[in-house]
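First the structure, in the form of structure tokens, and then the observations on it.
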Amino acid sequence: MRLTFLGTAGSWPTKERSASAIALDTEREEVLLDCGEGTQRQFFRSSASFMRVRRIFLTHFHGDHFLGLPGLVQSMSLNHRAEPLDIYGPPDAEEMVGRALRMGYFTPRFPIAVHPLRPGDSVELDGYTVRTARAEHPVPAIAYRIEEGPKRGRFDGDL
């Protein structure tokens with residue numbers, strides 16, 4: 533697995549740093565951890581590809597962690613994406629992702645499935661497992677641990 537830090541700023545972007553987003557290349561697919569504003573632009577500045585993203589894991593729904601989602605999905609559609617996209621997040625994910633994707637009078641041209649997760653859940657994927665844990669934050673939030681065989685990594689946003 534290879535990590536590309538697309539955004540590492542705090543609550544707002546700076547001249548040098550974008551809002552939270554990390555691309556994880558599993559060789560089979562690109563996975564996105566958070567999707568702060570400016571994420572799609574940061575993809576163009578990196579070797580990662582937003583068109584290879586098959587799954588997005590959101591830690592919580594403060595704007596600096598998910599407001600890049602509407603633009604990213606629109607760009608995927610305009611680039612003729614047909615493959616489904618799976619979006620994972622805290623228990624309020626369906627409501628919050630739905631709101632975000634309804635902004636701007638744009639309907640995605642590919643299937644999107646939203647998967648609410650709770651602390652203690654795990655998602656078995658092709659060659660790796662994503663486990664969730666409770667994260668302390670003022671809004672519902674979860675942290676992710678990604679396991680590939682004996683290798684492990686953890687992502688918990690700004691928590």
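In this note's numbering, the protein residues as written are 533 to 691. C-beta atoms are modelled at their ideal positions from N, C-alpha and C, and glycine is treated no differently. Just so it is clear, the structure is predicted and the values come from calculations on it, not from any experiment.
| Item | Value |
| --- | --- |
| C-beta contact flag for Q606 and F582 at 8 Å | no |
| Whole-angstrom C-beta distance between R560 and G659, which should lie under 8 Å | 6 Å |
| Under the three-state DSSP convention, the category L556 falls into | strand |
| Cβ pair P616, F598 closer than 8 Å | no |
| A625, enclosing alpha helix (DSSP H) - first and last residue | 625-634 |
| Reference S552; option with closest CA among L601, V585, S579, R584 | L601 |
| D624 beta carbon less than 8 Å from that of S543 | no |
| Cutoff 7 Å; reference D618; Cβ partners in own chain excluding five residues on either side | R586, R587, A645, H647 |
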